[in-house]
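In what follows, a single structure is set out as structure tokens and then discussed.
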Amino acid sequence: MGIRFVLASRNAGKIAEMRAILKRFIIDIIGLDAFPGAPEPEETGATFEENATIKAVSALAHTGLPAIADDSGLAVDALGGRPGVYSARFAGPDADGEKNNRLLLDTLQDISPEERTARFVCVVALAVPDRPVRLYRGETEGVILSAPRGSGGFGYDPLFLSRDLGLSFGEADATEKNRVSHRARALERLCAALAAEGGGGSPTV
């Protein structure tokens, strides 16, 4: 039987994506939606690392289970790294993917294709009882398109043209995206660290 972690998220798309990435490492995750009373801590950090830590520590404290949390976002070079940690609420506190994408396109409308370079960043925090929080970072490079392509993924995926794939994350299927995504790279680093602690066998906390 694999290791079980609680994932500090109720985002169905993120839960499904992380479950698909982690299953090959014999790691099972339970979304925070399985714990109706679990709080949603305010993400007051100025960095992905700080916000991921806040969420992982909160999930561990409420459930008592080893907790994984990620904080991720889109960093656009022409915008000085914005929206960054504010990616999910780029268009305001009530923003959704469509509003965020529309604002991003409007903000970049006068920026040439060569200057629309960007990267997705993900930091995964692992919180287990009686140990310091551990952090793992992954990034993937691309450019921002002038119009959405594809209907897959979530968030900014239809606007992000992956350098690795030559496709937008909205066009890529789940297997393709999970091979090169920022989230996959961060989780692979986490799993490699856990496996190393276990002597090269199954991951261990």
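Residue numbers (my numbering): -2 to 202. Quick reminder that beta carbons are idealized off the backbone N, C-alpha and C, glycines included.
Tell me the rounded alpha-carbon separation between S74 and D30.
In the sequence on display, residue 74 carries Asp and not Ser. Looking at the two C-alpha atoms, the distance is approximately 35 angstroms.
Quick check on the DSSP output: the alpha helix (DSSP H) that includes S54 runs from which residue to which?
The displayed chain sequence assigns Val, not Ser, to residue 54. Run containing V54: F45 to T60, per the alpha helix (DSSP H) assignment.
Could you tell me the distance, in whole angstroms, from the CA atom of P36 to the CA atom of H59?
8 angstroms
Bridge partners of E283, per DSSP?
No information on residue 283 is available, as it lies outside the stretch -2 to 202 that the chain covers here.
Are the CB atoms of V82 and R113 within a distance shorter than 7 angstroms?
no
Can you say whether R1 is buried or exposed, counting buried as having 16 or more other CB atoms within 10 angstroms of its CB?
exposed
Alpha carbon to alpha carbon, how far is G61 from E111? Give it in angstroms, no decimals.
48 angstroms
Specify whether the region 147 to 154 and the region 164 to 182 touch according to this definition: at least 3 beta carbon pairs, one from each stretch, less than 8 angstroms apart.
Note that the region 147 to 154 touches the region 164 to 182; at least 3 beta-carbon pairs, one per stretch, sit closer than 8 angstroms.
What distance in whole Å lies between the Cβ atoms of L4 and G28, which are believed to be in contact at a cut-off of 8 angstroms?
5 angstroms
Does the Cβ of T137 have 16 or more other Cβ atoms within 10 Å, making it buried, or fewer, making it exposed?
Counting Cβ neighbours within 10 Å, T137 comes out buried, since at least 16 surround it.
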